[in-house]
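Input: a single structure, listed below in structure tokens.
Numbering (my numbering), first residue to last: 9 to 257.
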């Protein structure tokens, strides 16, 4: 679903990503791990089109997106749950979701214009009602503004908003950031509920318990390059490697 080759990117002429090679098979969750400052968020932003790369290839389902703007990438079937949630604070839960529905219609029309192979998988298009079924707490809070929600509720709203784009590839940037452990468990349950939907995902996460719970594979980034890739099960069993790469064990 995602194929990144020799990706270089950064800010103001500096290099943060230095030849990244990264793939995500269809329907697979890959956790992108690494210490702070190694380039994980830069990678997500570059894939999403929020940052233009210096060079390299970013293909989603075979289509090249390197250098394309974010709205083009989104219409190609990619959605992001950004670090910090970034919900529209003055709007209600329902209004936040309805905006995503309108954007999804434009994305779907763009995909359909490219033929059947560009359509997404899973059990059908995401709707506001399906989001409420997955996350009943949002249904209870549908009339509340974004700034009246707890951190966990805002994260659920950010996830719901992304799902309404009907993505084939979901980018999750630190979904546990700033949340209490009990709330992280709720978010994990929500994300586990997406299994079987056919959505591939890149999970950037500092909470290793959450990453190991959700990911099929683990990739570790150091100094803007992928230095390790393995199944989650193999990575968890190799404590020495985990300690050397991440400082944990």
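The C-beta atom is built at its ideal place from N, Cα and C for all residues, glycine as well.
CA nearest to the CA of residue 220, picked from 77, 193 and 244: Walking along the chain shown from the start, residue 220 turns up at place 212. Measuring from the Cα of residue 220, the nearest candidate turns out to be 244.
Distance, residue 210 Cα to residue 129 Cα: Translated into positions along the chain shown, residue 129 becomes position 121. Translated into positions along the chain shown, residue 210 becomes position 202. Because the pLDDT of residue 129 is 47, which lies under 50, any placement of that residue in the model is unreliable, and the number read from its coordinates should be weighed accordingly. When rounded, the distance between both Cα atoms is 17 Å.
Three or more C-beta pairs closer than 8 Å, one from the segment 224–243 and one from the segment 23–39: is that the case here? yes
For residue 163, the three-state DSSP class (helix, strand or coil): Counting from 1 along the chain shown, the entry for residue 163 is found at position 155. Of the three classes helix, strand and coil, the one that applies to residue 163 here is helix, per DSSP.
Kindly indicate which three-state DSSP category residue 184 falls into: helix, strand or coil? Within the chain shown, the letter at position 176 stands for residue 184. If DSSP states are grouped into helix, strand and coil, residue 184 belongs with coil.
Residue nearest to residue 142 in terms of C-alpha spacing, selected from 192, 164 and 252: Numbered from 1 along the chain shown, position 134 holds the residue referred to as residue 142. Of 192, 164 and 252, the residue nearest in Cα terms is 164.
Run through DSSP, which three-state label would residue 230 get? Here residue 230 refers to the residue found at position 222 when the chain shown is read from its first residue. Residue state, collapsed to three classes: strand.
If you follow the alpha helix (DSSP H) that residue 209 is in, where does it begin and where does it stop? Here residue 209 corresponds to residue number 201 of the chain shown, with the count starting at 1. Where residue 209 is concerned, there is no enclosing alpha helix (DSSP H), although the beta strand (DSSP E) it sits in stretches over 208–212.
State the beta-bridge partners of residue 26 as determined by DSSP. Counted from its first residue, the chain shown places residue 26 at position 18. In the DSSP output, where bridge partners are listed per residue, residue 26 has 16.
Which full runs of the alpha helix (DSSP H) of 4+ residues lie inside the segment 29–60, going along the chain? 48–56
Using 8 Å as the threshold, is the C-beta distance between residue 111 and residue 155 below it? Mapped onto the chain shown, residue 111 falls at position 103. Mapped onto the chain shown, residue 155 falls at position 147. Not a contact, by the Cβ cut-off of 8 Å.
Indicate the three-state DSSP secondary structure (helix, strand or coil) for residue 76 in the structure shown. Working through the chain shown from its first residue, we reach residue 76 at position 68. Of the three classes helix, strand and coil, the one that applies to residue 76 here is coil, per DSSP.
Assign residue 22 to one of two classes, buried (16 or more other C-beta atoms within 10 Å of its C-beta) or exposed (fewer than that). As a working mapping, residue 22 is identified with position 14 in the chain shown. Burial call: exposed.
Quick one: residues in its chain with C-beta nearer than 7 Å to the C-beta of residue 124, no 5 flanking neighbours on either side, listed in chain order? Within the chain shown, numbered from 1, the residue matching residue 124 stands at position 116. Because the pLDDT at residue 124 is just 49, under 50, the model does not fix this residue reliably, and the value given afterwards should be weighed accordingly. Closer than 7 Å at the Cβ level, and outside the excluded window around residue 124, lies no residue.
Would you mind sorting residue 189 into buried or exposed? The rule is 16 or more other CB atoms within 10 Å of its CB. As a position in the chain shown, residue 189 is number 181, starting the count at 1. With fewer than 16 other Cβ atoms within 10 Å, it is exposed.
Flag this pair as yes or no: are the beta carbons of residue 90 and residue 14 separated by less than 8 Å? Numbered from its first residue, the chain shown carries residue 90 at position 82. Numbered from its first residue, the chain shown carries residue 14 at position 6. Contact flag unset, no.
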